[in-house]
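For the sequence shown, the numbering used here gives the first residue as 294, with consecutive numbering after it. We put the CB at the ideal spot given by N, CA and C, even for glycine. Quantities reported herein were computed from a predicted structural model and do not represent experimental measurements.
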Amino acid sequence: MPATVSAARFEHHREPIGIGEPAPRLSWFVESAPIGWSQTAYRVEVAATGSTSTFEVESDEQVLVPWPAPALPSRATASVRVQVRGDDGGWSEPGPWSTVETGLLHPEDWSAGPIGAIWNENPMRDDRRPSLVRRDFAVRPGLVSARLYASAHGLFQAEINGERVGSDVLAPGWTVYRERLRYTTYDVTELLAEGDNAIGAWLGDGWYRGRLGWRGGFRNVFGDDLSFIGQLELRYADGSTETIATDTRWKAARSPIIRSGLYDGEVYDAREELPGWSSAGYDDSAWSRVQLRRRDRSTLVAPTGPPVRVTEEVQPIAVLRAPSGKRVLDFGQNLVGVVRLRATAPAGTTVTLRTAEVLQDDELYTRPLRDAISTDVYTFAGRDGGEEWEPRFTYHGFRYVEVDGWPGDLDTDAANGALIARVLHTDMERTGWFASSNPQLDRLHENVVWGMRGNFVDIPSDCPQRDERLGWTGDIQVFTPAASFLYDSSGMLAGWLRDLAAEQLPDGTVPWYVPVIPADSMWNPQRPGAAWGDAATIVPWTLHQRFGDEGVLRAQFDSASAWVDLQAEIAGPSRLWDTGFQLGDWLDPDAPPQHPSRAKTDRFLVASGYFAYSARLVAEMAATLGRTADAETYGTIAAEAKAAFIGAYVLPGGRMTSDAQTAYAVALQFDLLPDELRAPAAARLAELVHAGGNRIGTGFVGTPLVTDALSANGQLDAAYDLLLEKECPSWLYQVGMGATTVWERWDSMRPDGSVNPGSMTSFNHYALGAVVDWMHRVVAGLAPDSPGYRRIRVAPRPGGGLTSASARHRTPYGEASVSWLIRDGALHVTAELPVGTTGILSLPGQPEETVGHGIHTRSLTLAEEVSA
């Protein structure tokens, strides 16, 4: 049976149109091959500019291999297919053709500028009414293709001839706009017709000029204009091209969106609609002229990951009547998105939709939203055929929706789909799954998945519902391993890391959140902080480990090394980071509710531990990239920082100066203990877990580390005891309280059903859900053992009374899976590894075994205490 090959993939793009890489790296799956087969060479055919070239390379690599052909210019299309040769000397059949298209790669490719309404408005108010912009144009006979390259100061949705362009929402997303403004490439050929045509765009404030931040927030953080940037390029059969670019020939009018904000929601009056405004022949003589604004065209960049889209629809599971008489929809799931309504009503009828994550005393409870109004308002035009609407330029985190002013029978209408939750997030490919014999554990895993979906809305945010929603660096630092298993987050996070580097201060300081917005004195001016700043080293290293991408290390090395250089400067000759402001083990459950940084573990122990760990990672990055001198320099810093950590924080016998779970977890997981003290330290950690009744005793720093610190050091039972505890604080306490996402605080909801009274209480935070990565790797037993899963570790460690568990993951080489079942005192394991990988089978009490691709089954008798 010859090997078979998939279609080639380009970089990390799901949809490789308008990409920003002129020489995109290629990857492919060897979908099937004989047992024992291995690749020894590959052949790439590249069809571009009317000719086909073939490139043959002696290599066993198949993930992110170099582009073999000349670099592509802007607007170029190339088709690629791959063949592979095995060690038997035979070539596979070619895989399917796949096509890539570059975007506008150079500033001079742009002729469009930002244009928008010229009327006066108060830049400090939230009720600035968004605008529409439009223009007419003609299409000559012989049109072959058309591309729209589009972006905005603010948010946009484009239309051509009355039809929406694309399916993305909240475009162009949130970047460090002064340095990087993303544009999107749309194939709009099918929307055009010979003769008269029209193009237009809706505009909204979004992150660019809308309110951001808490305590009233800040407006106009990136600018106070609302502008569309659009470049429509028409290509004809005779080889000619024509460009319709945003300029002063466009016109503007006020939108039927009366007000729109990410935190506050959208107010829409359908009576103000302008029928046909984006269609040819529309009379725009009453529209206003536009103003051409400024944009450095060198800052326009193509996306590295997918856009935000609506990915699912959820119907309400119940229509409730609150004690106040209010009607409330329960969607059964804390989710992120908007509500779409469909109804018929007289003109002027207004429906108000207020969202919240929870109820208290059976009423919609909005206090956790702080100053986010989170309310959408729709006024009907009175059309006989009914009306359909959903907000364009906002999103909410919610499970419950209070409905006021509904024009019909809400119970019947909701049951018939009149009100639907539209789930939105960055449209990443799902790549990881987990299941077990414990339904509560499976629900925890599902909660983490929903939490990731709700917080990966263009940036990795901390929460999706209140007046914050920022890209906190510490949160994604701890969650990147879990994120990288559950979804292909490589392209999205690689783009966010570029923003991190853009926001990094000249001295190496990494902001607490990226992009940066103004904030109160606690966060500004920016100061270096451990665990948060270490996102500069840990996130790129994790992406390299999980996706096999050396390119992200190369792109981020200067940022990562600058961060460690700053840590080294702060620590000085002592090699201890023991001064300055730190958050430490943030949200330790024993910290005072209004002072979540006052953890049991010394914050400087945490800072010094992260310094040593990040220095080691930069040394390993340098070694991977062939930067020998840098590897030696940072390796020396790491060794010195480790020695200083041991001298300052480790006592004889393996006790830590902070006798707290996070201290031991950091020391063990960051390899900051002498070998002879690892077992005593792990034993003490297990004692602390059991002394605490197996309840969580760690915050944002310790929680992602503690189960690994236990299981990797002879304390597997204690790790399971911690995982499966049901009393607060614990993961399963939240599940038992009906949680459908992971909370910010372990007790965001108290046992009596009341909401934690703290001012910082969210019901959708992913950081504490980082434990699912341990569930994938240890409970199920599926882990990378070399970058990109080229070598896969199959090492299930049953415990906790579980009788089965499984995980599967779409690795860069194809799908890998592990499942195990305990039956009749024996452990039965099945692992399937994709072609191109090898596996290390590590089963309890058995010598490790190296295997190749294919299906592997093993059975072994377990000790009585394991099989019980």
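Burial state of A937, where buried means 16 or more other Cβ atoms lie within 10 Å: Buried: at least 16 other Cβ atoms inside 10 Å.
Contact with chain C by C756, beta-carbon distance below 7 Å: Considering every chain present, this structure includes no chain C. It has just one protein chain.
Residues of its chain near S1023, where Cβ-Cβ distance is below 6 Å and the 5 sequence neighbours each way are ignored: Residues R988, I989 of the same chain have their beta carbon placed closer than 6 Å to that of S1023, with the five preceding and five following residues left out of the count.
Through-space distance from D781 to R633, alpha-carbon basis: R633 and D781 have their C-alpha atoms spaced approximately 28 Å apart.
Rounded distance between the beta-carbons of L918 and R839, thought under 8 Å: About 18 Å separates the Cβ atoms of R839 and L918, ruling out a contact at the 8 Å cut-off.
C-alpha distance - G1107 paired with A364, whole-angstrom precision: Looking at the two C-alpha atoms, the distance is approximately 28 Å.
Residue range of the unbroken beta strand (DSSP E) whose run includes H1146: First-last for H1146: undefined, no H or E at that position.
Helix, strand or coil at L628 according to DSSP, with G and I counted as helix: Here L628 sits in strand by DSSP.
CA-to-CA distance, E1037 to E1158, given in whole angstroms: Bear in mind that the predicted position of E1158 carries a pLDDT of just 44, short of 50, making it unreliable; the figure below should be weighed with that in mind. Pairing E1158 with E1037, the inter-Cα distance amounts to about 35 Å.
Distance between S438 and G523 (C-alpha atoms, nearest Å): Rounded to whole angstroms, G523 to S438 spans 16 Å at the Cα level.
Paired residues, beta bridge with V356 - DSSP: Partner(s): none; V356 has no beta bridge.
K935, enclosing alpha helix (DSSP H) - first and last residue: Annotation: the continuous alpha helix (DSSP H) that includes K935 extends over 921-942.
DSSP-derived helix/strand/coil call for Q819: DSSP places Q819 in coil when its eight states are reduced to three.
Inter-residue spacing [alpha-carbon to alpha-carbon] between D964 and V845: The alpha-carbon separation between D964 and V845 amounts to approximately 24 Å.
Alpha-carbon to alpha-carbon, M1030 and M1042: Distance between the alpha carbons of M1042 and M1030: 8 Å.
Residue interval of the beta strand (DSSP E) (run including N490): N490 -> beta strand (DSSP E) spans 488-497.
Alpha carbon of T1096 to alpha carbon of V696, nearest angstrom: Each residue's Cα considered, the two are about 45 Å apart.
Local conformation of P833 per DSSP, three classes: Shown here, P833 sits in a helix according to DSSP, grouped into three states.
contact_flag[the segment 825-844, the segment 881-892] where n(CB pairs < 8 Å) is 3 or more: With a cut-off of 8 Å, the segment 881-892 and the segment 825-844 do not count as touching, because too few Cβ pairs lie within range.
Delimiting residues of the beta strand (DSSP E) encompassing Q653: Taken as a continuous stretch (DSSP letters only), the beta strand (DSSP E) holding Q653 covers 651-653.
3 or more residues per run - each beta strand (DSSP E) lying fully within the segment 379-451: Whole beta strand (DSSP E) segments, 3+ residues: 391-395, 408-410, 424-432, 436-446.
Best match in V601, I550, D557 for proximity to G503 [C-alpha to C-alpha]: Comparing C-alpha distances from G503 to each of V601, I550, D557 shows the shortest one belongs to D557.
Straight-line Cα distance separating W321 from G379: G379 and W321: Cα-Cα distance of roughly 15 Å.
Cβ-based burial, H1102 [other Cβ within 10 Å; buried from 16]: So H1102 ends up on the buried side.
Assigned secondary structure, V1159 (DSSP; H/G/I helix, E/B strand, else coil): Because V1159 carries a pLDDT of 48, less than 50, the predicted location of this residue cannot be relied on, and no value is offered for it.
Residue closest to R723, alpha-carbon to alpha-carbon, out of R307, G679, A1088: The shortest C-alpha separation from R723 is found at R307.
Beta carbon of V234 nearer than 7 Å to that of G992: In the structure as shown, the chain begins at 294 and stops at 1161. Residue 234 is therefore absent and cannot be evaluated.
Run of the beta strand (DSSP E) containing W682, from where it starts to where it stops: For W682, the enclosing beta strand (DSSP E) has its first and last residue at 680-682.
The segment 852-863 touching the segment 783-798, judged by at least three CB pairs closer than 8 Å: Yes, the segment 852-863 is in contact with the segment 783-798.
Start-to-end residues for the alpha helix (DSSP H) that takes in A794: 783-796 is the extent of the alpha helix (DSSP H) around A794.
Cut-off 6 Å between Cβ atoms - residues of its own chain near D704, not counting five sequence neighbours on either side: Cβ neighbours of D704 beyond the five flanking positions: V612.
Residue nearest to G841 in terms of C-alpha spacing, selected from T1130, V994, W543, G406: The closest CA to that of G841, considering only T1130, V994, W543, G406, is found on T1130.
Touch test, the segment 737-751 against the segment 1045-1058, Cβ-Cβ under 8 Å, three pairs minimum: Result yes; three or more Cβ-Cβ pairs closer than 8 Å.
Cutoff 6 Å; reference G725; Cβ partners in own chain excluding five residues on either side: The answer, listed in chain order, is F778, L779, H1102.
Length at least 4, wholly inside the segment 998-1038: the alpha helix (DSSP H) runs in chain order: Runs of the alpha helix (DSSP H) inside the segment 998-1038: 1009-1017, 1024-1029.
Of the listed residues S1110, L397, T1033, S1047, nearest to R1070 (C-alpha basis): Taking only the C-alpha atoms, the option nearest R1070 is S1110.
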